[in-house]
Ligand code: ATP
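Residue numbers (the UniProt record's numbering): 293 to 591.
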């Protein structure tokens, strides 16, 4: 669901914000964290040093139901091995488990069965901060904060220099429009500031992820239609964002599924087909059916 998908990005972003705030909020967060079943291990393992080629990722017989719904398997014996640098499009009807997959990769929940590894390490053995530092998220509905453009992007890597921020904005095809704002990078964004278009907000979110430079990138592609120019710019920015990393995309665009190395087709918590767009169209199964109905062609 779009709401849940937005919440993932939103929640982690807001938590990041809150974490940086001091004092009472910090204690509140500690209390919340103590209540959560998701804990960092006492003696965490660490990831191997980044190769610049992206991380490998495996799901090994992963089965998961939400605590509130013990009878609905949101993921049902899901196994897949993803190589460093691969771009994987995840598609499937509503309720198939696409968002759940992302939530498990980020360890908002742990599976009841099976395991997930990142570069060979069970993600439950990693410090939560290391897992989340290794993972970039571009949510479906990207938000801008009440801060200037520079800070909105720097958010992806607190402490980054202005030059780093601008380099990331260039890669994400955001530099040009930001420069054209009345105050350039100093322009105040957010509800009481400059209102950006959907495509511009997406490019800000991509710039944040580029600045963070994680080996694993999770993209929840926007479902809303963009105008042709914005679409072209977003596609270009995504293309750049995928270079040198492993990318999983909950895909809604024809252009995205067509260029994915592999498409994973999910239904009712299971992987029912995998292959390239051409493979799966030729097969005439669920994917071919979905493709005919669902993908927005680029204008
Ligand atoms: P969509 O395309 O609509 O976003 P999806 O493929 O992302 O769907 P999920 O959101 O992963 O599907 O949902 C998988 C299953 O888990 C569904 O049966 C859904 O109703 C259920 N589910 C999702 N989120 C929760 C939650 N927070 N609590 C309980 N059940 C949930």
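Glycine is no exception: its CB is placed at the ideal position from the N, C-alpha and C atoms.
Legend entry - Contacting residues, own chain, Cβ-Cβ under 6 Å from residue 419 (five flanking each side not counted): Residue numbering aside, residue 419 sits at position 127 when the chain shown is read from its first letter. Closer than 6 Å at the Cβ level, and outside the excluded window around residue 419, lie 332 and 336.
Inset, instruction - Report whether the distance from the Cβ of residue 358 to the nearest heavy atom of the ligand ATP is below 6 Å. - result: Here residue 358 corresponds to residue number 66 of the chain shown, with the count starting at 1. The answer is yes for residue 358.
Legend entry - Whole runs of the beta strand (DSSP E) within the segment 477 to 538, excluding any shorter than 3 residues: 508 to 512
Legend entry - Exposed unless 16 or more other CB atoms sit within 10 angstroms - verdict on residue 497: In the chain shown, counting from the first residue as 1, residue 497 sits at position 205. By the neighbour-count rule (16 or more Cβ atoms within 10 Å), residue 497 is buried.
Legend entry - Backbone secondary structure at residue 572 - three-state DSSP: As a working note, residue 572 is residue 280 in the chain shown. Residue 572 falls in the helix class under three-state DSSP.
Inset, instruction - Classify residue 422 as helix, strand or coil using the three-state DSSP reduction. - result: Along the chain shown, read from residue 1 onward, the residue named residue 422 stands at position 130. Correct three-state label for residue 422: helix.
Inset, instruction - Answer yes if the segment 472 to 485 comes into contact with the segment 506 to 525, meaning at least three C-beta pairs across the two stretches below 8 Å, and no otherwise. - result: no
Inset, instruction - Return the Cβ separation of residue 445 and residue 500 in integer angstroms, given the expectation that the two are a contact with Cβ distance under 8 Å. - result: Locating residue 445 in the chain shown gives position 153, where the first residue counts as 1. Locating residue 500 in the chain shown gives position 208, where the first residue counts as 1. Contact flag correct, Cβ pair sits at about 6 Å.
Legend entry - Pick from 362, 439, 348 and 358 that is closest to residue 396, judged by C-alpha positions: As a working mapping, residue 396 is identified with position 104 in the chain shown. Of the candidates 362, 439, 348 and 358, the one whose C-alpha sits nearest the C-alpha of residue 396 is 358.
Legend entry - DSSP bridge partner residues for residue 445 (one or two, in chain order): The sequence position of residue 445 within the chain shown is 153, counting from 1. In DSSP, residue 445 forms no bridge with anything.
Legend entry - Nearest-angstrom beta carbon gap, residue 454 and residue 442 [assumed within contact, 8 Å]: Here residue 442 is taken as the residue at index 150 of the chain shown, counted from 1. Here residue 454 is taken as the residue at index 162 of the chain shown, counted from 1. Confirmed, Cβ separation roughly 6 Å.
Inset, instruction - Would you give the residue range spanned by the alpha helix (DSSP H) that residue 458 belongs to? - result: Here the question's residue 458 lines up with position 166 in the chain shown. Its alpha helix (DSSP H) spans residues 454 to 463.
Inset, instruction - Confirm the yes/no value for this check: CB of residue 390, any heavy atom of the ligand ATP, distance under 6 Å. - result: As a working mapping, residue 390 is identified with position 98 in the chain shown. Correct: residue 390 has its Cβ closer than 6 Å to the ligand ATP.
Inset, instruction - Could you tell me whether the Cβ atoms of residue 577 and residue 389 are closer together than 7 Å? - result: Against the chain shown, residue 577 aligns to sequence position 285. Against the chain shown, residue 389 aligns to sequence position 97. Their beta carbons are not under 7 Å apart, which means residue 577 does not touch residue 389 by this criterion.
Inset, instruction - Counting only the same chain and skipping the five closest in sequence on each side, list residues whose C-beta sits under 7 Å from that of residue 486. - result: Mapped onto the chain shown, residue 486 falls at position 194. For residue 486, where only same-chain residues beyond five positions count, the Cβ hits under 7 Å are 473, 479 and 480.
Inset, instruction - Measure the alpha-carbon distance for residue 431 versus residue 574 and round it to whole angstroms. - result: In the chain shown, residue 431 corresponds to position 139, counting from 1. In the chain shown, residue 574 corresponds to position 282, counting from 1. Distance between the alpha carbons of residue 431 and residue 574: 31 Å.
Inset, instruction - Indicate, with yes or no, if the ligand ATP has a heavy atom lying under 6 Å from the CB of residue 366. - result: Residue mapping note: residue 366 aligns to position 74 of the chain shown, counting from 1. True, at least one ligand heavy atom lies under 6 Å from that Cβ.
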